[in-house]
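Asks:
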Amino acid sequence: TMSNRPPHTHELYALAKHIHFRAGEESKAFSRCKFENRDKNVTEACRAEGEALVRATNALYAEVTKNYNEEFKEFAKCLDWYGLRYSRCRDKQAAFEAVFPLVPETSKDEKSFFKLF
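Be aware that the sequence shown starts at 186, since it is given in the numbering used here, and climbs by one per residue.
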């Protein structure tokens, strides 16, 4: 399956909002570390936080390619084809998010807000 390799750029773009919600703590920790160590070697200073974010992202990618591969692949391929422009792939995005919501209990207001991205 596709999950035997790291995700490609267009696949990461397709997962971006899901990473924010489902790996949010790891993402915030890595961003905070980069900010706090901006005058240092961030690669070394934030290695643990970066590795935690990569693990969380790879686990999410594996889950998606195992359980929602068709919808995910269609959305990711659309983003790849249209130069990562979400506006050209809203139908594919909606189909993917219908089977794999950002978070199960996301309110309608939150979903409306994130259509801006």
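Beta carbons: idealized from backbone N, C-alpha and C, even for Gly.
Fair warning: this is a prediction, and the values are worked out from it, not measured in the lab.
According to the neighbour-count rule (16 or more other Cβ atoms, all chains shown, within 10 Å of its Cβ), is H195 buried or exposed?
Replies: Working through the sequence shown from its first residue, we reach residue 195 at position 10. So H195 ends up on the buried side.
Asks: Tell me where the alpha helix (DSSP H) around A208 begins and ends.
Replies: Here residue 208 is taken as the residue at index 23 of the sequence shown, counted from 1. Run containing A208: none; DSSP gives neither H nor E here.
Asks: Please list, in chain order, all residues of the same chain as F206 whose beta carbon is under 6 Å from its beta carbon, the five residues on each side excluded.
Replies: The residue you call residue 206 lines up with position 21 of the sequence shown. Excluding sequence neighbours, F206 sits near L287, V288.
Asks: Among the candidates K262, N226, K225, A241, whose CA atom is the shortest distance from the CA of K213?
Replies: Your numbering for residue 213 matches position 28 in the sequence shown. Taking only the C-alpha atoms, the option nearest K213 is A241.
Asks: How far does the alpha helix (DSSP H) with D224 in it reach, from first residue to last?
Replies: By 1-based counting over the sequence shown, the position of residue 224 is 39. That residue, D224, is in no alpha helix (DSSP H); it is neither H nor E in DSSP.
Asks: Cβ atoms of A280 and E259: under 8 Å apart, would you say?
Replies: Against the sequence shown, residue 259 aligns to sequence position 74. Against the sequence shown, residue 280 aligns to sequence position 95. Contact: yes.
Asks: So, under 8 Å CB-CB, L245 and H203 are touching, yes? Tell me the CB distance rounded to an integer number of Å.
Replies: Numbered from its first residue, the sequence shown carries residue 245 at position 60. Numbered from its first residue, the sequence shown carries residue 203 at position 18. That pair is a contact at about 6 Å.
Asks: Runs of 3 residues minimum, wholly inside the region 227-257: which ones carry the beta strand (DSSP E) assignment?
Replies: Listed in chain order, nothing qualifies, since the region 227-257 has no complete beta strand (DSSP E) run of 3 or more residues.
Asks: Buried or exposed, going by whether 16 or more other CB atoms sit within 10 Å of the CB of V284?
Replies: Walking along the sequence shown from the start, residue 284 turns up at place 99. So V284 ends up on the exposed side.
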